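Read the structure below first, then the notes.
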Amino acid sequence: MPRRRVSFLDPNTATLPPLEVRTVTLGINAADLADRSLNRLCEGLYQRILQKAQPFVQLCETVSAEYGVPILQRRVCVSPIDRLAEGHNADDVLHIAKTLDGAAGHVRIDQIAGFLVRVQNGMSRGARLMIESLPSVLAHTDRVQAAVEAAGSASGINIDAVELLGRIIQETAKATADRDGIGAAKLSVLANLPTEGPPLSGALVGEGWGDLVVHVSMSAMGPIRHTLEQRLAKDPQASLPTLAGDIKAAAFQSARVAELIGREIAQRVGAEFGRVDVSLAPTIRPGQTIAELLHVLGVSAFGSPGTATALSMIYGAIRSAGGFASTDAAAEANVLLPVLRDAGLVSATEAGSLSLEYLEQLSAVGGLGLDLIPVPGDTDPQTLSSLISDQLAMAVVTRRPTVVRLIPVPGKQAGDRVTFGRDLGDAVVLRVPQAASSTFLNRGGRIPGVR
Amino acid sequence: MARQYVMSVMAVNRVGILAALGTALDELRGSFVDVSQAVMRQYFTMIIAVEFPDERDPAVIVEHIQAVCRPFGGVVTLKDPEEDAAMGLSPLEAAADDDTIEYLLRISGNDRPGVLRRVAHRLAQDGIDVVDLYGVRHDEDNTFVTCLQLAVPKGVNVAFLQKDLSLMFGEDALTVGLFHDHVLQAISQPEPQPVLRTRSA
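Next up, the structure:
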């Protein structure tokens, strides 16, 4: 007997929110491919990615069409590249990266991750070599995402790695100066990387999984905005608890749809189902930015007083919604504030209501670090390192994951506009505070973790 | 042995009509198999798949139910599927559940003639069965909303169908939404989604 959904007959409340899935990530175990022969290693990697990712891409299209739910990004994460590359030289590392990029292009996936180096406690020779090869790797590849985990609450902050990364980020930007330094946008510095997945930008697929796993990320910006607009059209004076409940309901629906699609793809591709990332992230679709969402809630401009309060309400709502929607919701949920992808944040930067310092503070109320932030091209490496270490320090103390992606845009100054195209969009270069003292980080070593 | 019939009853809606109908069925030793009841404006309407003992004469059944419903101005129709089949009126073989996927099609906008005709023709092109249909017109602003529960044969390109319907009704400024039943269940029910047991290699 069909189930009648009579609520759909209500012309005011019946329309469904714009449901979609932000990312579907296929995690491929490649640990068995380690080989001293570069050719054998690369051939094995290439064939493994093609064999697993080709049906995955096809299934994403099939399931998306069948369910009428768009999938915005399809990604592959190969694990663990740092272990595969151990013992190889810099040229070999570049060759491995090009292999990943070629395979990703062949199967038409948007990003390939797994180029991860974990140095939160110390740096092996192989790890240093991988980090030092990043400017070349990111200049010669399009889809490869790289990440370096340099801190953790238990391990502390590896200042030697942070100091090195300031220089590497600057070199990466210079190596891609013809494309406004886009290489640096593909290099994340991380702290407290969740080990069970889903992968943070450019990181590992998770530990303890089998050979093949599918993670998904919900796309809740559109549904939350839709729900809030419907509520406020009916009741312009709606209270904050009511609006928080609406956000929770919309996030619940988004997480549920992501899980449904992810499980279906996992089952058809023969993979385990991993985690549902219930983080809130903007998309490049019109109206789907955090700044515009806050505007709907009544915050006049992103970065103005009240922003953190509103963000904390959203953060609390999506966390509780995720936990209720799925038993496989990821332990960590965040509000992603990537300046490059969020047209609303760009407008706030232009209007002068948003600064780097304020973005740093927002990590205390759910913001995920300093993500995709264009800074002046002449920012010196030591200042970059200091910005990174400040953000990592906050993550170490709050015991939350963080991402730092800084893009020194060659030839650009604070206030200049920069265009990266594709899915990154436009942005305005942010002003960077002057680093007053350079002796602190020069002392080097590792700052112990927080007990 | 029992014999199944499909019966429709329509009468002015008054308190007690269902009780009267139930009593009449009891007296005839009839038993509900499947039932759908609605009050449409001021009328009570019911469609029932019902079993009666083999020996019960259909004419007696209709006469008895009609007698019970007479105070309500009732009209009763009884169809015998076996008799219709013998006359060559067999319905098309229903597709097995495994061969179809359930969707909900919702169309809304300013009321105009011909919407249902056009959508039904388009659905028939893909062999899509409309298993339930309900809707309402709002006279105060001349708008309507209708929902069609569809059994869509596997292999039908649903994305193309959605696009086609949107194009078909776009120029009339009607809103068309096609939703997978699993999506509707996932977002409207608190129960966890069923998880298939899988093993790592």
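Protein chains in written order, with my numbering: chain A, 1 to 451; chain B, 1 to 201. Think of the CB as a built atom: it goes at the ideal place given N, C-alpha and C, for glycine as much as any other residue. Being a predicted model, the structure only gives us computed values, none of them experimental.
Taking Cβ positions only, does R505 (chain A) come closer than 9 Å to chain B?
The requested residue 505 (chain A) is not part of the displayed model; chain A covers only 1 to 451.
Have a look at A:K412, A:P381, A:R399 and flag the residue whose alpha-carbon is nearest the alpha-carbon of L441 (chain A).
A:P381
Please decide whether L89 (chain B) counts as near chain A, where near means a Cβ-Cβ distance under 9 Å.
no
Just to confirm my understanding: we take A351 (chain A), look at its own chain, exclude 5 residues before and 5 after, and list those with CB closer than 8 Å. What are they?
A301
Mind pulling the alpha helix (DSSP H) runs of 4 or more residues that sit fully within the region 174-227 of chain A?
none
Looking at C-alpha atoms only, which residue of B:L123, B:G127, B:I128, B:R112 is the closest neighbour of T143 (chain B)?
B:R112
State the beta-bridge partners of C77 (chain A) as determined by DSSP.
A:G27, A:A113
Within a Cβ cutoff of 7 Å, which residues of the same chain sit near F32 (chain B), ignoring the five residues on either side of it in sequence?
I48, V50
What residues in the region 346-366 of chain A bring their beta carbon closer than 8 Å to a beta carbon of chain B?
none
Using three-state DSSP, classify F420 (chain A) as helix, strand or coil.
coil
Quick one: using the 10 Å Cβ neighbour count with 16 as the cut-off for buried, is M130 (chain A) buried or exposed?
Counting other Cβ atoms within 10 Å of its Cβ, M130 (chain A) reaches 16 or more and is therefore classed as buried.
For my contact list, I247 (chain A) and V278 (chain A) are in at a C-beta cut-off of 8 Å; report their separation, rounded to the angstrom.
About 12 Å separates the two Cβ atoms, so there is no contact after all.
Can you give the beta carbon distance from D390 (chain A) to E360 (chain A), rounded, assuming they're within the 8 Å contact cut?
7 Å
Which residue marks the beginning of the alpha helix (DSSP H) containing R319 (chain A), and which one marks its end?
307-325
Quick one: what does DSSP say T388 (chain A) is sitting in, helix, strand or coil?
Note that residue 388 (chain A) corresponds to Ile in the displayed sequence, not to Thr. In the structure shown, I388 (chain A) adopts helical secondary structure according to DSSP, grouped into three states.
Using beta carbons (cut-off 9 Å, strictly below), is N110 (chain B) in contact with chain A?
no
Say whether chain A places a C-beta atom closer than 9 Å to the C-beta of P192 (chain B).
yes
So, are the CB atoms of V24 (chain A) and G270 (chain A) less than 9 Å apart?
no
Beta carbon of A258 (chain A), beta carbon of R22 (chain A): below 9 Å?
The Cβ atoms of A258 (chain A) and R22 (chain A) lie closer than 9 Å to each other.
Three-state secondary structure (DSSP) at N110 (chain B)?
strand
In this structure, how does DSSP classify R443 (chain A) when only helix, strand and coil are distinguished?
coil
How many whole angstroms separate the CB atoms of A24 (chain B) and V68 (chain B), which I take to be in contact at a CB cut-off of 8 Å?
4 Å
Using a Cβ-Cβ cut-off of 8 Å (strictly less than) and excluding sequence neighbours within five positions of S312 (chain A), which residues of its own chain qualify?
V365, G366
Please classify D164 (chain B): does DSSP put it in a helix, a strand, or coil?
helix
Considering only C-alpha positions, which residue in the set A:P305, A:T379, A:G369, A:S385 is nearest to A348 (chain A)?
A:P305
Let's test the definition: count the other Cβ atoms within 10 Å of the Cβ of R40 (chain A) and tell me whether it reaches 16, buried, or not, exposed.
exposed
Please report the distance separating the alpha-carbon of Y134 (chain B) from that of V62 (chain B).
Take the alpha-carbon of Y134 (chain B) and the one of V62 (chain B): they are about 28 Å apart.
Using the rule of at least 16 other Cβ atoms within 10 Å of the residue's Cβ for burial, across every protein chain shown, is E140 (chain B) buried or exposed?
exposed
Let me know the secondary structure DSSP gives I284 (chain A) once reduced to three states.
coil
Let me know if D54 (chain B) comes out buried or exposed under the rule of 16 or more other beta-carbons within 10 Å of its beta-carbon.
exposed
Name the chain B residues whose beta carbon is nearer than 7 Å to that of T327 (chain A)?
Against chain B, a Cβ distance below 7 Å from T327 (chain A) picks out P192.
Does the region 241-255 of chain A come close enough to the region 324-340 of chain A that 3 or more CB-CB pairs lie under 8 Å?
yes
Once the 5 residues before and after V76 (chain B) are set aside, which same chain residues still bring their CB inside 6 Å of it?
Excluding sequence positions up to five before and after V76 (chain B), its CB lies within less than 6 Å of the CB of V9, V62, I65, Q66, all in the same chain and listed in chain order.
Kindly provide the ranges of any beta strand (DSSP E) runs that are 3 or more residues long and lie completely inside the region 34-113 of chain B, ordered along the chain.
43-53, 75-79, 100-110
Classify G155 (chain B): buried if its beta carbon has 16 or more other beta carbons within 10 angstroms, exposed otherwise.
exposed
In chain order, what residues of the same chain lie with their CB nearer than 6 Å to the CB of E171 (chain A), ignoring the 5 residues before and after it?
P135
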